[in-house]
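Undergrad: The structure follows.
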Amino acid sequence: MKKILNDPAAVVAQSLLGLAAAHPDLLRVTTDPAVVSRADGPRPGKVAVVSGGGSGHEPLHGGFVGPGMLDAACPGAVFTSPTPDQIQAAVSRVDGGAGVLLLVKNYTGDVLNFETAAELLAADGVDVRTVLIDDDVAVRDSLYTAGRRGVGATVLVEKVVGAAAEAGADLATCERVARAAVAGARSMGIALTAPTVPHVGEPSFTLADDEMEVGIGIHGEPGRRRERLTDADGVVAALLEPVLADLPFAAGDEVLLFTNSMGGTPLLELYLAHGIAEQSLVDKGITVTRRLVGPYVTSLEMQGMSLTLLRLDDELTRLWDAPVRTAALRWGA
Amino acid sequence: MKKILNDPAAVVAQSLLGLAAAHPDLLRVTTDPAVVSRADGPRPGKVAVVSGGGSGHEPLHGGFVGPGMLDAACPGAVFTSPTPDQIQAAVSRVDGGAGVLLLVKNYTGDVLNFETAAELLAADGVDVRTVLIDDDVAVRDSLYTAGRRGVGATVLVEKVVGAAAEAGADLATCERVARAAVAGARSMGIALTAPTVPHVGEPSFTLADDEMEVGIGIHGEPGRRRERLTDADGVVAALLEPVLADLPFAAGDEVLLFTNSMGGTPLLELYLAHGIAEQSLVDKGITVTRRLVGPYVTSLEMQGMSLTLLRLDDELTRLWDAPVRTAALRWGA
Amino acid sequence: MGCDARAVAAAVRAAAAVVTAHRDELVRLDQAIGDGDHGENLKRGFGFVVQALDESTPDTPGAVLKLVATTLISKVGGAAGPLYGTAFLRAATAVGDATELTPELVAKALRAALEGVVARGKAEVGDKTMVDALAPAAEVGSLAAAATAAERGAESTIPLVARKGRASYLGERAIGHQDPGARSTALVLRAFAEAAS
Amino acid sequence: MGCDARAVAAAVRAAAAVVTAHRDELVRLDQAIGDGDHGENLKRGFGFVVQALDESTPDTPGAVLKLVATTLISKVGGAAGPLYGTAFLRAATAVGDATELTPELVAKALRAALEGVVARGKAEVGDKTMVDALAPAAEVGSLAAAATAAERGAESTIPLVARKGRASYLGERAIGHQDPGARSTALVLRAFAEAAS
Ligand SMILES: Nc1ncnc2c1ncn2[C@@H]1O[C@H](COP(=O)(O)OP(=O)(O)O)[C@@H](O)[C@H]1O
Ligand SMILES: Nc1ncnc2c1ncn2[C@@H]1O[C@H](COP(=O)(O)OP(=O)(O)O)[C@@H](O)[C@H]1O
Ligand SMILES: [Mg+2]
Ligand SMILES: [Mg+2]
Ligand SMILES: [Mg+2]
Ligand SMILES: [Mg+2]
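Structure follows, in structure tokens:
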């Protein structure tokens with residue numbers, strides 16, 4: 643295993659110390675339990691927006707804590723959802739008395755732990771709502787399964803909901819915005835290489851030099867199928883087609899196009915793929931009015947990428963454009 | 643070779659198209675010759691700050707074009723410095739009549755091509771100055787060698803000079819600021835894996851699973867020596883000690899600490915290393931007043947990191963804090 | 041051997057030891073069809089359980105089970121944390137204040153554990169989860185029989201397509217792999233059975 | 041064979057073919073002690089040179105050499121672009137308006153090329169650069185002898201530590217590898233010699 647690492651069991655805590663050191667003006671961090679919260683929180687009268695999940699997806703979620711986005715994040719062990727105690731601690735650090743919105747990626751572990759935390763918080767009198775994010779079209783959605791995974795859309799949902807909360811929206815409005823963003827977002831990803839989880843010490847799967855995993859998640863789970871690695875045009879088409887077909891997106895739509903690196907894919911390749919994706923959308927009569935390009939929802943050092951489309955209306959566009967000041971996403975402030 | 647790529651010979655041009663698509667409000671891009679320039683340039687009466695170099699180091703330099711930083715960048719082929727024509731074209735796109743400062747990483751190829759361009763520009767009556775960036779302490783500096791390489795400090799120099807130019811400083815002042823930043827900056831890097839150049843198709847070197855290259859550059863050149871991979875404490879010490887000893891930095895200094903990923907090292911590890919580096923500096927009585935953490939000066943998908951220290955005074959601190967609006971670095975705007 | 045709080049604590053320690061010994065196996069199973077953390081999650085969680093028992097062992101079997109439950113819930117995370125935690129919590133409630141566990145109470149606890157896991161996770165037998173190990177175990181009389189039933193149940197997950205948990209993302213590709221949670225459930229029940237014998 | 045503009049253009053095309061054929065070898069040499077692009081850089085550059093010659097071949101040997109120079113300077117980048125470009129530019133100036141190259145003019149052109157490279161790159165013999173191939177070549181009379189001298193010079197770089205160019209970053213680790221620019225210089229001169237014979 644090639645990593646810059648001390649004790650694998652302490653990687654999350656030690657990394658959080660570095661995050662805190664890097665952004666003293668922005669963040670407060672505790673390691674037991676692991677919580678990242680706004681330096682200027684709690685904000686009385688403001689809805690608190692809290693998310694979290696396994697570590698290894700950085701900058702998600704800790705890198706999105708700050709004015710205009712998340713109030714707090716609770717990072718679990720690598721690829722392991724946080725515990726209810728952690729979630730409760732995160733909420734108590736930022737609860738401004740106007741209610742709490744939990745943004746949860748739809749994985750069994752995340753759902754169960756946030757569910758428990760929400761019950762305990764409600765029992766303590768906190769007005770808490772939960773919105774599940776489930777944008778991954780690689781997974782069939784059905785009542786009888788765990789449902790679609792939450793992947794790239796997470797950063798988009800966190801941004802628009804954070805903007806609404808920052809502007810003073812009440813809990814019901816924040817929840818409505820979150821559900822609208824989730825409803826309009828679809829994603830799909832591929833991997834060229836596997837991530838290596840520190841406590842495992844070897845790659846999560848192996849791929850031949852001419853193979854790619856299509857329909858990959860962000861936890862080193864194998865994808866839906868293994869295919870021959872195609873050129874960039876082929877990769878973008880393999881991602882874009884199922885995304886477009888699922889919602890479906892149609893000519894005339896205005897969208898945000900999010901071209902995400904899984905971590906190890908360099909910007910040179912990512913921008914190349916982004917350009918192809920934009921051109922494909924233009925060809926289909928879909929107007930890209932906003933974009934995000936970079937490694938934002940990652941899977942450690944995995945090479946690969948995902949595309950997320952979010953259908954925009956005026957409200958979502960305005961919320962996307964609103965100022966944000968976090969470690970990983972910042973504009974207008 | 644596992645890459646999201648069409649024709650390897652066209653990778654730079656196709657990636658630039660994606661960069662342009664992603665940032666239409668910010669950038670203008672041409673591919674023949676390859677030039678990235680500010681959408682709002684040229685700015686009459688403003689010193690134009692221009693940089694460039696081989697591609698494969700993204701977001702350097704194109705990701706740093708915009709208000710408060712570079713006016714234009716000229717990306718060469720992967721790991722190959724740009725040509726004089728390209729540099730001339732970049733300058734002509736943004737020359738506002740108040741002079742042009744060329745920021746050049748100290749490599750023979752970059753130096754020679756920028757030198758030729760500068761001669762041709764001067765012959766055309768452009769007031770052009772050149773500042774070489776040479777911060778890599780892994781390379782012995784001597785009159786009889788090519789001198790130290792330009793690595794991590796590049797982004798810091800581009801930021802402070804860009805801020806000075808944006809605020810209306812004249813060419814002499816911009817040059818002075820650039821020289822001051824170069825004089826106060828030192829870097830060192832290590833690699834855990836090698837990058838793969840698209841037109842080569844295989845990794846630039848091979849390392850055993852327990853080895854690291856110490857004193858690596860950003861072009862897949864082998865480093866000064868190969869050592870057994872240590873833990874994160876060991877890696878940070880191996881980078882920090884030669885950096886501190888070189889200037890030298892001393893107790894009482896105020897510094898900017900830049901913890902840079904070479905591309906493939908995930909943020910989880912990078913923040914961990916950053917935390918260790920900050921603590922080491924605290925222990926030595928050096929005060930870290932500003933930081934930058936992320937993949938900013940990269941070598942394609944190479945895993946590894948570098949540390950850069952920049953000694954700060956009031957002027958450099960103020961210039962660092964000034965607003966910047968580029969694809970990769972943005973605050974206050 | 042009487043089955044008082046000390047005996048239950050000893051059984052839990054034995055389970056912790058088994059889970060730790062099988063950490064890598066469970067990691068490998070979870071790598072094949074999940075995210076590779078199940079062995080590490082349970083090892084970490086049971087490590088905290090042993091630590092909590094070292095600090096003070098509660099007086100009744102029910103209280104021991106409850107301590108296991110709250111520790112797992114607060115320390116493990118992932119799917120296994122709440123599901124294992126709920127199983128132990130329901131078992132604790134089922135045995136009440138009894139100072140010794142009778143075979144009847146053990147059977148009742150197993151049924152309660154199953155009900156808790158199903159209530160939380162909504163999985164049915166055949167969905168390729170720990171329910172495939174726990175459900176047959178809850179139908180038989182003794183711990184020894186439960187362990188054997190759980191082992192068979194865990195093996196029965198091998199040919200299945202998963203409908204719950206991470207493995208469900210794989211579709212047909214999950215076929216041929218044993219569910220890690222079912223395997224760990226069988227391991228824990230076998231450890232309990234041996235400690236009780 | 042007379043050495044007019046057409047003959048010089050033919051020699052340049054021959055050099056382009058050789059450089060292209062040896063692209064991978066030059067990439068490998070540059071990977072060992074540089075950044076792996078030398079073969080690609082020269083292949084790309086000479087490709088544009090051939091394209092320029094296809095469009096129109098200038099009238100004099102000097103004009104052909106100047107077209108090679110400006111094309112390499114404007115298309116190659118890296119260290120090799122300006123250095124090769126300067127070499128051809130100085131050679132072009134050295135031969136002036138002559139319509140045929142005499143052996144004396146060839147020798148003069150080689151010396152001018154060397155002076156240009158040294159003026160730009162500040163390397164001396166023994167610094168492990170293309171100067172190690174070009175300097176001995178510039179001392180002899182004929183193109184054939186120059187090619188042989190350049191080949192020996194290129195091989196002489198193998199045991200050296202580099203003091204210029206990227207290989208200088210490697211210190212002792214550059215020992216045992218041939219300098220790619222010296223090797224390509226020998227290849228180009230051999231192609232010229234064969235075309236002229
Ligand atoms: N809905 C569910 N009902 C019952 N058991 C489940 C459910 N989802 C997952 N599991 C069990 O949890 C196990 C995975 O646990 P673990 O790897 O620790 O958590 P995670 O999947 O969050 O990484 C699976 O092997 C399966 O037995
Ligand atoms: N200062 C110099 N003087 C003469 N030749 C040099 C000098 N620096 C580099 N070279 C030559 O350039 C060659 C490398 O060319 P190339 O790989 O195309 O450029 P780069 O080093 O910029 O990648 C070296 O092998 C060496 O022969
Ligand atoms: Mg997990
Ligand atoms: Mg090069
Ligand atoms: Mg798991
Ligand atoms: Mg080279």
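In order, the protein sequences belong to chains A, B, C and D.
The numbers in this note's numbering rise by one with no breaks, and the one at position 322 of the first sequence is 964.
The numbers in this note's numbering rise by one with no breaks, and the one at position 189 of the second sequence is 831.
The numbers in this note's numbering rise by one with no breaks, and the one at position 83 of the third sequence is 123.
The numbers in this note's numbering rise by one with no breaks, and the one at position 27 of the fourth sequence is 67.
A virtual CB, placed ideally from N, CA and C, is assigned to each residue, including glycine.
#1: For the segment 956-974 of chain A against the segment 796-806 of chain A, do three or more pairs of beta-carbon atoms, one drawn from each stretch, fall closer than 8 Å, so that the two count as touching?
#2: Kindly say whether Tyr913/B, judged by its beta-carbon, lies nearer than 8 Å to any beta-carbon of chain A.
#3: Do Gly74/D and ligand 6 come close, with the Cβ less than 7 Å from some heavy atom?
#4: Considering only their Cβ atoms, is the gap separating Val678/B from Val707/B smaller than 8 Å?
#5: Does any residue of chain F have a CB that is nearer than 8 Å to the CB of Leu763/B?
#6: Closer than 7 Å: is that where the CB of Ser723/B sits relative to any heavy atom of ligand 2?
#7: By the DSSP assignment, the beta strand (DSSP E) with Pro840/A in it spans what residues?
#8: Could you tell me whether any non-hydrogen atom of ligand 2 is closer than 7 Å to the CB of Lys115/D?
#9: Can you pull the chain B neighbours of Ser208/D, defined as C-beta to C-beta under 7 Å?
#10: Using the Cα positions of Leu774/B and Gly792/B, report the straight-line distance between them to the nearest angstrom.
#11: Is it right to say Asp777/A is buried, meaning 16 or more other beta carbons lie within 10 angstroms of its own, or is it exposed?
#12: Return no unless some Cβ of chain B is closer than 8 Å to the Cβ of Asn902/A.
#13: Below 8 Å between beta carbons is the criterion; list the residues of the segment 175-206 of chain D that meet it against any residue of chain B, in chain order.
#14: Counting pairs of beta carbons, one from the segment 212-226 of chain C and one from the segment 191-202 of chain C, are three or more of them closer than 8 Å?
#15: How about Gly905/B and Thr950/B: are their beta carbons less than 8 Å apart?
#16: Identify the residues that DSSP records as bridge partners of Lys148/D: which are they?
#17: How close, in whole Å, do the beta carbons of Ala202/C and Ser208/C come, if the pair is a contact with beta carbons under 8 Å?
#18: What are the residues of the segment 868-885 of chain B that lie near chain A, defined by any Cβ-Cβ distance shorter than 7 Å?
#19: Please find out if some non-hydrogen atom of ligand 3 comes closer than 7 Å to the beta-carbon of Gly696/A.
#20: Give me the residue from Gly710/B, Tyr749/B, Gly831/B with the minimum Cα distance to Cys816/B.
#21: Between which residues of its own chain and Met41/D is the CB-CB distance below 6 Å, once the five residues before and five after are set aside?
#22: Using a C-beta to C-beta distance shorter than 8 Å, which residues of chain C count as neighbours of Phe721/A?
#23: Is Arg206/C near ligand 5 - that is, is its Cβ less than 7 Å away from at least one heavy atom of it?
#24: Can you find a CB in chain B that lies within less than 8 Å of the CB of Ala222/D?
#25: Roughly how far, in whole angstroms, is the beta-carbon of Val165/C from the beta-carbon of Val157/C, given that I think they are within contact range, below 8 Å?
#26: Assuming Ala765/A and Pro726/A form a contact by the criterion Cβ under 8 Å, report the distance between their Cβ atoms to the nearest whole angstrom.
#27: Looking at Leu954/B: is its Cβ nearer than 8 Å to the Cβ of Ala119/D?
#28: May I ask you to list, following chain order, the residues of the segment 830-845 of chain A that have a beta carbon less than 7 Å from some beta carbon of chain C?
#29: In chain order, what residues of the same chain have a beta carbon less than 6 Å from the beta carbon of Leu934/B, not counting five sequence neighbours either side?
#30: Say whether the segment 847-855 of chain B touches the segment 830-837 of chain B, bearing in mind that this needs 3 or more beta-carbon pairs closer than 8 Å, one atom from each stretch.
#31: Using a C-beta to C-beta distance shorter than 9 Å, which residues of chain B count as neighbours of Thr950/A?
#32: Taking 7 Å as the cut-off, is the CB of His861/B close to at least one heavy atom of ligand 4?
#33: Using the C-alpha atoms, what's the distance from Glu863/A back to Lys106/D?
#34: Given that Glu757/B touches chain A, what residues does it touch there, using C-beta distances under 8 Å?
#35: Taking the Cβ atom as the reference point for each residue, do Leu227/D and Val59/D lie within a distance shorter than 8 Å?
#36: Would you please state the rounded distance, in angstroms, between the beta carbons of Leu914/A and Leu647/B? I believe it to be under 8 Å.
TA: Quick answer:
#1: With a cut-off of 8 Å on Cβ pairs, the segment 956-974 of chain A is in contact with the segment 796-806 of chain A, counting three or more such pairs.
#2: yes
#3: Yes - ligand 6 has a heavy atom lying nearer than 7 Å to the Cβ of Gly74/D.
#4: yes
#5: Within the model displayed, chain F is absent; protein chains A, B, C and D are what it includes.
#6: For ligand 2, at least one heavy atom lies less than 7 Å from the Cβ of Ser723/B.
#7: No beta strand (DSSP E) holds Pro840/A; DSSP gives it neither H nor E.
#8: no
#9: Thr787, Ala788
#10: For Leu774/B and Gly792/B, the distance between alpha carbons rounds to 8 Å.
#11: buried
#12: Chain B contact via Cβ: absent.
#13: Arg203, Lys204, Gly205, Arg206
#14: yes
#15: no
#16: Bridge partners of Lys148/D: none, in fact.
#17: About 4 Å; that satisfies the 8 Å criterion.
#18: Leu871, Asp873, Ala874, Asp875, Val877
#19: yes
#20: Gly710/B
#21: Caution applies to Met41/D, whose pLDDT of 48 falls short of 50 and renders its modelled position unreliable; the model cannot decide the point.
#22: Asp75, Gly76, Asp77
#23: Within the chosen limit of 7 Å, ligand 5 reaches the beta carbon of Arg206/C through at least one heavy atom.
#24: no
#25: With a Cβ gap of about 12 Å, Val165/C and Val157/C do not count as contacting.
#26: Ala765/A to Pro726/A, Cβ: 12 Å. No contact.
#27: no
#28: Val839, His841, Val842
#29: Phe900
#30: yes
#31: Here the premise fails: no neighbours, minimum Cβ distance about 14 Å.
#32: yes
#33: If I take the Cα positions, the gap works out to 59 Å.
#34: None at all; the shortest Cβ gap to chain A is about 26 Å.
#35: yes
#36: 7 Å
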